[in-house]
Amino acid sequence: MKNEQKKKCKRHAVVIGASMTGLVAARVLSDHFEQVTIIERDQLPARVEARKGVPQGQHLHILLAKGVAILAELFPGLFEELVQDGALQLTPADFCSYNFGTWNTRFPSSIRLYSQSRPFLELYVRNLLTAYSNVRLLEACEVTQLLATENCAHVTGVSLSYRGEEQRKEELAADLVVDASGRGSRSPQWLVSLGYPQVEETGVKVDIGYTTRIYRRPPHLSLDWKIMAIAPTPPCNRRAGLISLIEGDRWMVSLVGYRCDYLPDEDGFLDYARGLSQPDIYEAIKEAEPLTPVFTYKYSTKRWRHYERMSRFPDGFVILGDAVCSFNPIHAQGMTLAALEAKMLDVHLRQHSQNTSKQENKFAQRLQKAIAKVVEWPWQMAMGADLPFLETQSKQTWIMRLLDCYMKHVMKLTTTNPLVVERFYQVTNMLKSPLVLFDPRIVWAVLQSIETSI
3 MKNEQKKKCK
13 RHAVVIGASM
23 TGLVAARVLS
33 DHFEQVTIIE
43 RDQLPARVEA
53 RKGVPQGQHL
63 HILLAKGVAI
73 LAELFPGLFE
83 ELVQDGALQL
93 TPADFCSYNF
103 GTWNTRFPSS
113 IRLYSQSRPF
123 LELYVRNLLT
133 AYSNVRLLEA
143 CEVTQLLATE
153 NCAHVTGVSL
163 SYRGEEQRKE
173 ELAADLVVDA
183 SGRGSRSPQW
193 LVSLGYPQVE
203 ETGVKVDIGY
213 TTRIYRRPPH
223 LSLDWKIMAI
233 APTPPCNRRA
243 GLISLIEGDR
253 WMVSLVGYRC
263 DYLPDEDGFL
273 DYARGLSQPD
283 IYEAIKEAEP
293 LTPVFTYKYS
303 TKRWRHYERM
313 SRFPDGFVIL
323 GDAVCSFNPI
333 HAQGMTLAAL
343 EAKMLDVHLR
353 QHSQNTSKQE
363 NKFAQRLQKA
373 IAKVVEWPWQ
383 MAMGADLPFL
393 ETQSKQTWIM
403 RLLDCYMKHV
413 MKLTTTNPLV
423 VERFYQVTNM
433 LKSPLVLFDP
443 RIVWAVLQSI
453 ETSI
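Counting with our numbering, you get residues 3 to 456 for the letters of the sequence shown.
1. Using a threshold of 9 Å, state whether the C-beta atoms of Pro292 and Tyr217 are closer than that.
2. Secondary structure at Val438, three-state DSSP: helix, strand or coil?
3. Is it true that the CB of Arg185 sits closer than 9 Å to the CB of Arg305?
4. For His222, count neighbouring C-beta atoms within 10 Å of its own C-beta (all shown protein chains included) and say buried if the count is 16 or more, exposed if not.
5. His61 bridges to which residues according to DSSP?
6. What does Lys288 pair with, by DSSP beta-bridge criteria?
7. Would you give the residue range spanned by the beta strand (DSSP E) that Asn504 belongs to?
8. Answer with buried or exposed for Ala175, where buried requires no fewer than 16 other C-beta atoms within 10 angstroms of its C-beta.
9. Can you have a look at Met3 and say buried or exposed, based on whether 16 or more other CB atoms are within 10 angstroms of its CB?
10. What number of angstroms, rounded off, separates the C-alpha of Asn419 from the C-alpha of Thr454?
11. Among the residues of its own chain, which have a CB less than 8 Å from the CB of Thr416, if the five just before and after it don't count?
12. Here's a check: name, in chain order, each residue in its chain whose Cβ is nearer than 8 Å to the Cβ of Gln118, leaving out the five neighbours to either side.
13. Do Ala387 and His354 have their beta-carbon atoms positioned less than 9 Å apart in this structure?
14. With distances taken between CB atoms, is the gap from Leu351 to His156 smaller than 9 Å?
15. What does a CB cutoff of less than 6 Å around Gln370 pick up in its chain, not counting 5 residues either side in sequence?
16. Output the distance between the C-alpha atoms of Pro78 and Arg29, rounded to the nearest integer angstrom.
17. Can you tell me the Cα-Cα spacing of Ser21 and Leu140, whole angstroms?
18. Using C-beta distances below 8 Å, list every residue in its chain close to Glu36, excluding the 5 sequence neighbours before and after it, in chain order.
19. Determine the closest residue to Leu92 out of Arg188, Cys154, Leu130 and Lys228, with distance taken between C-alpha atoms.
20. Taking the continuous alpha helix (DSSP H) assigned at His333, which residues delimit it?
21. Between Asp273 and Thr294, what straight-line distance do the alpha-carbon atoms span, to the nearest angstrom?
22. If we ignore side chains and look at the alpha-carbon of each, how far apart do Asp267 and Val296 end up?
23. Taking all protein chains shown into account, decide if Ser183 is buried (16 or more other Cβ within 10 angstroms of its Cβ) or exposed.
24. Kindly provide the ranges of any alpha helix (DSSP H) runs that are 4 or more residues long and lie completely inside the segment 166–241, ordered along the chain.
25. Does the pairing of the segment 46–64 with the segment 120–139 give three or more beta-carbon distances under 8 Å?
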């Protein structure tokens with residue numbers, strides 16, 4: 003595949019990590035740099051297969067509608083290939099959820115989503131990306147430190163260490179280095195070693211655990227949904243269940259528990275499913291054939307590293323994705339935020355290339371501030387959803403308590419009010435601002451809901 007953009011404003015960009023964040027960032031960079039090098043610690047599989055560097059890869063992932071739109075733009079033909087090879091296209095009408103004591107209202111929608119496993123999606127994106135002539139992928143290779151100018155004001159490359167028998171070391175010069183290495187990012191330590199202050203962090207303990215298993219879908223079952231979710235009902239029930247049809251006519255089933263209410267072992271999988279607030283997932287899988295053992299994943303704390311607040315930040319270095327902000331995975335925000343941040347990177351690079359003064363100072367710092375703005379609303383929305391499971395309700399301001407009350411009634415209305423359902427899906431799929439949930443018609447419906455509940 004050949005890049006259509008003829009003018010490249012810089013020579014070489016390095017991306018740390020071949021995660022979804024790294025892949026979409028590298029695709030954007032391929033339009034701006036003569037050469038893009040992705041450095042990945044893992045030896046990447048040539049087939050659909052989970053890998054060590056993505057411990058959550060065995061579990062259910064959902065790419066939200068905004069993420070679908072961005073990936074379709076960056077990788078033309080991606081979703082056609084995915085569907086051709088087994089992924090499923092679906093709309094909100096295919097999504098069945100139980101929340102606040104009732105099932106959701108389902109309605110026709112123009113929103114299009116796709117259901118497939120994370121390794122399936124990642125493999126297809128990686129194959130399309132590495133077909134670009136100016137993109138190369140170094141596997142089984144680790145970045146050990148950043149290289150910088152003498153005054154450490156500008157990152158100029160990375161030091162590499164190859165894994166395996168060779169174990170050779172190398173220095174790689176770059177005009178821009180992008181850290182897309184995920185939650186385990188070493189950027190905080192690297193920046194300190196260059197003389198920068200420790201980055202400020204916001205951490206919120208969510209203490210959630212996943213147990214996932216793949217089943218063969220029983221062919222005799224006739225169902226009117228492709229994804230089903232049964233939400234927990236705090237504080238009494240802290241368990242959730244999700245079942246999704248994925249490629250190969252299989253079901254991916256995830257059982258989720260908050261506050262240490264995790265599934266203990268493989269033998270208890272069906273019993274745990276039976277303990278959900280509704281029996282539907284249990285009834286679907288009780289006689290289905292398991293195709294895998296159970297896979298577990300525990301997530302203790304969601305964390306936002308506030309690089310945007312640093313008074314000094316080196317140019318030539320950008321941090322994206324979970325390396326900046328990692329979310330509670332149950333909200334399915336990660337991959338779509340990675341796509342949004344990659345688009346923000348694209349916008350800033352285009353603006354920079356059109357800057358006639360060619361001032362490079364503070365490009366990276368401006369971008370980190372813009373990334374923080376992308377993260378802010380999803381973080382606040384996720385905080386509201388997680389709040390019933392946290393031990394911090396007493397720290398809420400009266401405004402936070404008011405918004406929390408409002409959003410609880412909005413959530414209840416998603417089970418009965420088509421307008422609220424439509425707006426809610428637009429917001430949760432990052433297609434529209436959360437402000438649309440304050441449409442006067444929705445506010446009136448919320449007030450009526452509050453009145454009837456008093």
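Quick reminder that beta carbons are idealized off the backbone N, C-alpha and C, glycines included.
Reading it off the structure:
1. yes
2. helix
3. yes
4. exposed
5. Paired residues: none, contrary to the question.
6. For Lys288, which the question treats as bridged, DSSP gives no partner whatsoever.
7. Because the chain here runs from 3 to 456, residue 504 falls outside it and cannot be looked at.
8. exposed
9. At Met3 the pLDDT is 40, less than 50, meaning the model places this residue with poor confidence and gives no usable figure here.
10. 15 Å
11. Asn101, Asn106, Thr107, Val422, Val423 and Phe426
12. Leu84, Gly88, Ala89, Leu90, Ile248 and Glu249
13. no
14. no
15. Tyr309 and Glu310
16. 12 Å
17. 13 Å
18. Lys10, Lys12, Arg13, His14 and Asn136
19. Lys228
20. Premise fails: His333 is in no alpha helix (DSSP H) and is neither H nor E.
21. 18 Å
22. 8 Å
23. buried
24. 189–195
25. yes
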